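Residue numbers (UniProt numbering): 1 to 165.
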């Protein structure tokens with residue numbers, strides 16, 4: 001099997017790839033954010049209720065801090081993706097030439113080339129737009145389906161199935 005494809009730079013695709021990577025690393029960020037906001041809301045309610053009986057300023061401010069942390073946790077994926085997009089080196093914003101064979105995944109762009117052996121791939125995840133090849137916790141390469149012919153998609157799909165551990 002040998003597949004060669006040109007992958008043009010697509011900012012929205014890069015954002016989706018970063019979001020995919022972040023959500024795999026912190027899958028429970030949104031539920032945790034909702035839980036913190038709810039807990040903070042209960043605390044603020046309790047502080048207002050107990051205000052009639054005692055000084056509850058500490059409970060009120062601690063609960064407000066929980067709400068703030070919950071909101072941050074809820075939006076952390078968007079914040080992280082936006083931050084990553086600002087700090088990515090310029091070569092991430094170039095068109096890529098991707099060469100796939102049975103041993104190597106080679107990605108090259110102007111002034112940069114990266115080769116990964118398939119034995120280093122921890123997981124291959126298929127989505128509607130392509131395959132995410134995960135090499136460690138923070139390295140992912142999207143292999144988009146729209147850059148492949150239907151025969152190449154079928155061949156890579158079979159190959160990816162043999163790589164799954």
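Ideal placement from N, C-alpha and C gives every residue a C-beta, glycine not left out. What you are looking at is a predicted structure, and each value in this text was computed from that prediction instead of being measured.
Option nearest residue i by Cα separation, candidates the options
i, options, result
"residue 59", "154, 33, 162 and 44", "44"
"residue 41", "22, 29, 26 and 67", "67"
"residue 104", "96, 113, 114 and 118", "118"
"residue 125", "143, 83, 101 and 27", "143"
"residue 29", "80, 106, 111 and 99", "80"
"residue 4", "82, 11, 106 and 49", "106"
"residue 138", "11, 101, 123 and 31", "123"
"residue 159", "65, 12, 102 and 145", "102"
Beta carbon of residue i nearer than 7 Å to that of residue j
i, j, result
"residue 63", "residue 47", "yes"
"residue 33", "residue 74", "yes"
"residue 91", "residue 109", "yes"
"residue 7", "residue 140", "no"
Residue i, buried or exposed, once every other Cβ within 10 Å from all chains shown has been counted against 16
i, result
"residue 36", "buried"
"residue 9", "exposed"
"residue 148", "buried"
"residue 96", "buried"
"residue 121", "buried"
"residue 61", "exposed"
"residue 130", "buried"
"residue 2", "exposed"
Rounded separation between residue i and residue j - CA only
i, j, result
"residue 78", "residue 157", "30 Å"
"residue 214", "residue 70", "Nothing in the structure corresponds to residue 214, since the chain is present only between 1 and 165."
"residue 166", "residue 76", "It is not possible to answer for residue 166, since the shown part of the chain is limited to 1 through 165."
"residue 87", "residue 14", "13 Å"
"residue 26", "residue 93", "25 Å"
"residue 163", "residue 85", "30 Å"
"residue 145", "residue 72", "34 Å"
CB contact check: residue i to chain C, cutoff 7 Å
i, result
"residue 146", "Considering every chain present, this structure includes no chain C. It has just one protein chain."
**OP:** Give a yes or no on contact between the segment 18-30 and the segment 151-158, applying the rule of three or more CB pairs nearer than 8 Å.
**Re:** no
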